[in-house]
Amino acid sequence: MTDYIQKLKDIIFNFDIDNAEKVANEAIESGIDPMSAANALTEAIRDVGERFGKGELFLPDLVCASEVLKKAFPIINKAIEKKGLMQKSLGKVVIGTVFGDIHSIGKSMVATLLYAAGFKVIDLGVNVKGEDFLQAIEKEKPDILAMSALLTTTAMEQKKVIEGLKQTGLRDKVKVIVGGSPINQEFADSIGADGYGATAPEGVKVCKRLLNLE
Ligand code: B12
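If you count by the numbering used here, then the sequence shown holds residues 8 to 221, one letter each, in order.
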């Protein structure tokens, strides 16, 4: 039997943009658990990121690997959504990657899992300005604001948005959760967030906990 977990990792390691969609589709058609498929892609891209950090790979490699991910992930995400499509809405979440940061994959993963769990999700995308987060909170009146930051330099944008919520009188109206690779519980506490998740599944758990759903 074909090892699709390894094949999914290999399309990233080999920067195989041409076969990304084909392998992702075949993996899903083969019946593997879409969450395992998502984890395989995540593990592989982390490995690429570490090698980039050590100077073993270069920016064009990072860009090509992320192009593979951008082609393969939507197919896997669709399968996750399909599996989870059901229930009444558990609540509304506004999500986005903070200003100055264009990393979309982890944020989209959190959005997908929240959606699959039964939340209504409004995804503002990446590089979201503080004022746009505030406007969306005012307009959409979500239960939860979820912010992602992947760069050490953009992590503090999460704090700025929380400060903005306080200044505009919105802080008590919405729970705030944060995540992304440079974020940890200590940082989340220090900026006054209500919750933190190291992974997308943890993010879902935290949202449920904050809304007293489990
Ligand atoms: C892919 C990638 C890119 C792609 C992004 C493509 C895209 N559309 O997203 C491209 C090539 C564009 C890119 C650009 C850059 N990148 Co980059 N990138 C990565 C890489 C390899 C993978 C990120 C990723 O998608 N991971 C997979 C996802 C699934 O994981 P994740 O994002 O961590 O998300 C998980 C959790 O963190 C969590 N999570 C995430 N968000 C949230 C939010 C909430 C609310 C919750 C609860 C949980 C949660 O759940 C997710 C799933 O479990 C990382 C390496 C790494 N180790 O992360 C570097 C990395 C993040 N990049 C880095 C850098 C330096 C850059 C650049 C500055 C490079 C440059 N010199 O130009 C630019 C920045 C551009 C900008 N202004 O944003 C550094 C950051 C270092 C730092 N600490 O500041 C890293 C760590 C690489 C490294 N080792 O140096 N990058």
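Glycine included, every Cβ here is placed at the ideal spot set by N, Cα and C.
{"Query": "Give me the DSSP bridge partner(s) of GLY103.", "Result": "MET154"}
{"Query": "Would you call the CB atoms of HIS110 and THR104 closer than 9 Å?", "Result": "yes"}
{"Query": "For GLY38, does the three-state DSSP call read helix, strand or coil?", "Result": "coil"}
{"Query": "Assuming ILE19 and VAL30 make a contact with CB atoms under 8 Å, what is their CB distance in whole Å?", "Result": "Going by Cβ atoms, the distance from ILE19 to VAL30 rounds to 10 Å, so no, they are not a contact pair."}
{"Query": "I'd like the span of the alpha helix (DSSP H) that includes ASP25, first residue to last.", "Result": "From DSSP, ASP25 is part of no alpha helix (DSSP H); its letter is neither H nor E."}
{"Query": "Cα separation between LYS182 and ASP150?", "Result": "6 Å"}
{"Query": "Counting only beta-carbon separations shorter than 9 Å, does VAL183 have a partner in chain B?", "Result": "The structure shown contains no chain B, having only a single protein chain."}
{"Query": "Would you mind sorting VAL70 into buried or exposed? The rule is 16 or more other CB atoms within 10 Å of its CB.", "Result": "exposed"}
{"Query": "Label ASN84 either buried or exposed according to how many other C-beta atoms from any shown protein chain fall within 10 Å of its C-beta, with 16 as the threshold for buried.", "Result": "buried"}
{"Query": "Measuring alpha carbon to alpha carbon, tell me which residue in LEU97, GLY132, GLY107, LYS99 is nearest GLY113.", "Result": "GLY132"}
{"Query": "Give, in chain order, every unbroken run of the alpha helix (DSSP H) that is at least 4 residues long and sits entirely within the stretch 133-197.", "Result": "137-147, 162-174, 192-197"}
{"Query": "Rounding to the nearest angstrom, what Cα-Cα distance links MET8 and ILE39 in this structure?", "Result": "The predicted position of MET8 is uncertain, since its pLDDT is 49 and thus under 50; a value taken from the coordinates is nonetheless stated next. Cα-Cα distance, rounded: 12 Å."}
{"Query": "Taking the beta carbon of THR161 as the centre, do at least 16 other beta carbons fall within 10 Å, making it buried, or is it exposed?", "Result": "buried"}
{"Query": "Under a three-way DSSP split, which group does ILE129 fall into?", "Result": "strand"}
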